[in-house]
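Participant:
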Amino acid sequence: MLIEGWRIAYRGDAEVIHSHGYTIAEEFRRYFDVGVFHGRNRWLLDTFGRAEEGLRFIRSELTYLARHDPLQLPSAVTRTFAKYAGYKMGSREAKLSNRWKQRLSMQPLLLAAARPRRATGLSDVRSSGL
């Protein structure tokens, strides 16, 4: 959508309820897969930038928990570390064996397939029909 010229808009009146009941291991696996995607498609980060709001969210979450539910702080810190470690490992998945990729992924069958050709920019995506 961004490639086609759509824009992101902030709507203060928007309400969204979204939740996942992931375990810490599932959080790791999910972010491993995100890291694989970004590692294979670095041009997206180069074109659209990195998600800097992540650090702001972590600070906000930890501040909120410290004030309202401090017993949840260890879990939040552990989950944040699991997400970060999963993402970093996923972004370097080319150095891992297929066996390890399958163990670490939330989608092991997708990673078992042959590695797709890397798109290097917008022209590759447009010409590929994606």
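Numbered by our numbering, the letters in the sequence shown go through residues 1 to 130 in order.
The beta-carbon is built from N, C-alpha and C at its ideal position, and this holds for glycine as well.
Would you be able to state if there are at least three C-beta pairs under 8 Å between the segment 41-61 and the segment 104-112?
Facilitator: no
Participant: Round the Cβ separation of Met-89 and Gly-35 to the nearest angstrom and send it over; I've been treating them as touching at under 8 Å.
Facilitator: Indeed, because the Cβ distance is near 6 Å, the residues count as touching under 8 Å.
Participant: Looking only at its own chain, which residues have a Cβ that is under 8 Å from the Cβ of Leu-73, when we skip the five neighbours before and after it?
Facilitator: Leu-62, Leu-65, Ala-66
Participant: Can you tell me whether Arg-11 is buried or exposed? The criterion is at least 16 other CB atoms within 10 Å of its CB, across all chains shown.
Facilitator: exposed
Participant: Among the residues of its own chain, which have a CB less than 6 Å from the CB of Arg-30, if the five just before and after it don't count?
Facilitator: Met-106
Participant: Three-state secondary structure (DSSP) at Glu-61?
Facilitator: helix
Participant: Return yes when the Cβ of Phe-28 is within less than 8 Å of the Cβ of Ala-82, no when it is not.
Facilitator: yes
Participant: Where does Leu-130 fall in DSSP's three states?
Facilitator: At Leu-130, the pLDDT of 46 sits below 50, so the modelled position is not reliable and the matter cannot be decided from this model.
Participant: Please name the residue in Thr-23, Ser-91, Trp-6 whose C-alpha comes closest to that of Gly-39.
Facilitator: The residue with the shortest Cα to Cα distance from Gly-39 is Ser-91.
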